[in-house]
Amino acid sequence: MSNMIRCKVLIVEDDPGICTFLKATLVAAGYDVIVVTSGQGALDMVSSHCPDCVLLDLGLPDMDGNQIIRSMRQWTRTPIVVISARSMEEDKALALDLGADDYVTKPFGAIELLARIRAALRHTRTTAEAGEIALTGSYHVGELEIDYRKHRVYRGGVDVKLTPNEYRIVALLGRHAGRVLTYKTMLKELWGPSASSDNKILRVHMAGIRRKIEPDPNEPRYIFTEVGVGYRMAEDDISQSSD
Ligand code: CA
Numbered sequence: 112m113s114n115m116i117r118c119k120v121l122i123v124e125d126d127p128g129i130c131t132f133l134k135a136t137l138v139a140a141g142y143d144v145i146v147v148t149s150g151q152g153a154l155d156m157v158s159s160h161c162p163d164c165v166l167l168d169l170g171l172p173d174m175d176g177n178q179i180i181r182s183m184r185q186w187t188r189t190p191i192v193v194i195s196a197r198s199m200e201e202d203k204a205l206a207l208d209l210g211a212d213d214y215v216t217k218p219f220g221a222i223e224l225l226a227r228i229r230a231a232l233r234h235t236r237t238t239a240e241a242g243e244i245a246l247t248g249s250y251h252v253g254e255l256e257i258d259y260r261k262h263r264v265y266r267g268g269v270d271v272k273l274t275p276n277e278y279r280i281v282a283l284l285g286r287h288a289g290r291v292l293t294y295k296t297m298l299k300e301l302w303g304p305s306a307s308s309d310n311k312i313l314r315v316h317m318a319g320i321r322r323k324i325e326p327d328p329n330e331p332r333y334i335f336t337e338v339g340v341g342y343r344m345a346e347d348d349i350s351q352s353s354d
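All the letters of the sequence shown, read from the start, carry residue numbers 112 to 354 under the numbering used here.
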C-alpha cells in the first residue's frame, strides 16, 4: 500500500475516445479521476469536488473552455492544463494569459501529458514558497545550475556570467520549470505592469542566454521556445526523480 495522497484530476472533455484515453492514462499513473463532458458540469464539479488539477478541452458543447478558465480564476488557483486541437499561437497565449497553467496540443502522448500535469501540480504546491526558493534554493538540470542565493548560473560548474537581466529571465523560468510562460507574463513579471508588450527584448536576451548556457544554441536543451507563445525551462532533475 502506498501512503501517497492520491491527486484528484477532473477531465473536461466531450470526445468519448479522448476521454477513454485520458482516463486510462491517469488511472494507470495513480490519479483519482472524475470525468465531465460539458462546461457547466465542469464548473459544478470544480466547486463541489475541489479537484487538484483540471484537464480542460476548449471546444465543449455548451460553452468555450476559455469561459471556464476565466470563471474559475475569479475564485480558485486550481491548476488548469488545457488540452486542445486548437494549435494557433494566439489560442495558446489567450488560454495561458487567462490563467491556464499549461497547454497541450492534440494529438499528444501519455508521457508528455503526465509530465505537464506533474509540473502544474508542483507549481501550486510551491507557489507559497516561491519567494523562499528564490532566496535560498537552487535548480539543477543536466549540467546547468541556478544558484538563487548567489544570483549565479553555472554550466558544468563554471559561472556562465549572465548579465543582471539575463539572470532574471533564467531565474524566472527556473522557478516555473516545466511550464510555458507567455511573453506577456514574463514581461509583466520582469519589468512591471506597464512594461512594453514588445517581445523583441526577450528574444534579444534569450539569444545571449542561449549562447552562454546551451551547448548548441540551435538545439536548446535547457530553455525551449514555444513559437509565438513564450518559453519553457526543462523540468529540474529533483522533481523528475521524485515521481
Ligand atoms: Ca471537444
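For glycine and all other residues, C-beta sits at the position ideal for the given N, C-alpha and C.
Near ligand 1: residue 137 beta-carbon under 7 Å from a heavy atom: For the purposes of this step, residue 137 is taken as the residue at position 26 of the sequence shown. Residue 137: no, Cβ never under 7 Å from ligand 1.
Bridge partner(s) assigned by DSSP for residue 136: Position 25 of the sequence shown, counting from 1, holds the residue named residue 136. In the DSSP output, where bridge partners are listed per residue, residue 136 has none listed.
Could you tell me the alpha carbon to alpha carbon distance between residue 146 and residue 179, rounded to whole angstroms? Taking the first residue of the sequence shown as position 1, residue 146 is located at position 35. Taking the first residue of the sequence shown as position 1, residue 179 is located at position 68. Taking the straight line joining both Cα atoms gives about 15 Å.
So within the region 250-288, which uninterrupted beta strand (DSSP E) runs reach at least 3 residues, ignoring any that extend past its ends? 255-258, 263-266
Which of the three DSSP states is assigned to residue 156 in this structure? The residue you call residue 156 lines up with position 45 of the sequence shown. In the structure shown, residue 156 sits in a helix (DSSP, three-state: H, G or I).
Taking residue 336 as the reference, which of 324, 346, 317 has the closest Cα? In the sequence shown, residue 336 corresponds to position 225, counting from 1. Residue 317 is the option with its Cα nearest to residue 336.
May I ask which residues mark the beginning and end of the alpha helix (DSSP H) holding residue 217? Here residue 217 corresponds to residue number 106 of the sequence shown, with the count starting at 1. Per DSSP, residue 217 belongs to no alpha helix (DSSP H) and is neither H nor E.
Nearest to residue 307 by alpha carbon, out of 347, 295, 214? In the sequence shown, the residue the question calls residue 307 occupies position 196. Selected option, being the one with the closest Cα: 295.
Taking residue 232 and residue 118 to be in contact with their CB atoms under 8 Å, please state how far apart those CB atoms are, rounded to whole angstroms. For this step, residue 232 is matched to residue 121 along the sequence shown. For this step, residue 118 is matched to residue 7 along the sequence shown. So it is a contact: roughly 6 Å between Cβ atoms.
Along the chain, where does the beta strand (DSSP E) containing residue 343 start, and where does it finish? By 1-based counting over the sequence shown, the position of residue 343 is 232. From DSSP, the beta strand (DSSP E) with residue 343 extends over 341-344.
Distance between residue 163 and residue 129 (C-alpha atoms, nearest Å): Against the sequence shown, residue 129 aligns to sequence position 18. Against the sequence shown, residue 163 aligns to sequence position 52. CA-to-CA, the gap between residue 129 and residue 163 works out to about 20 Å.
beta-carbon residue 171 near ligand 1 non-hydrogen atom, thresh 7 Å: Position 60 of the sequence shown, counting from 1, holds the residue named residue 171. The answer is yes for residue 171.
C-alpha gap between residue 374 and residue 293, whole angstroms: This structure gives no information on residue 374, because the portion of the chain shown stretches from 112 to 354.
Measure the beta-carbon distance from residue 226 to residue 346 and round it to whole angstroms, keeping in mind my assumption that it falls under 8 Å. Counting from 1 along the sequence shown, the entry for residue 226 is found at position 115. Counting from 1 along the sequence shown, the entry for residue 346 is found at position 235. That belief holds up - the Cβ atoms of residue 226 and residue 346 are roughly 7 Å apart, short of 8 Å.
Using only the heavy atoms of ligand 1, determine whether one of them is closer than 7 Å to the beta carbon of residue 126. Working through the sequence shown from its first residue, we reach residue 126 at position 15. Yes, the beta carbon of residue 126 sits closer than 7 Å to at least one heavy atom of ligand 1.
With a threshold of 8 Å on Cβ separation, who are the neighbours of residue 175 within its own chain once the five nearest residues in sequence on each side are excluded? Position 64 of the sequence shown, counted from the first residue, corresponds to residue 175. Excluding residues within five positions, the ones whose Cβ falls inside 8 Å are 150, 169.
For residue 313 and residue 120, what's the separation of their Cα atoms in angstroms? Indexing the sequence shown from 1 puts residue 313 at position 202. Indexing the sequence shown from 1 puts residue 120 at position 9. One C-alpha to the other measures close to 34 Å.
Roughly how far, in whole angstroms, is the beta-carbon of residue 320 from the beta-carbon of residue 277, given that I think they are within contact range, below 8 Å? In the sequence shown, residue 320 corresponds to position 209, counting from 1. In the sequence shown, residue 277 corresponds to position 166, counting from 1. The pair is a contact, with the Cβ atoms about 5 Å apart (cut-off 8 Å).
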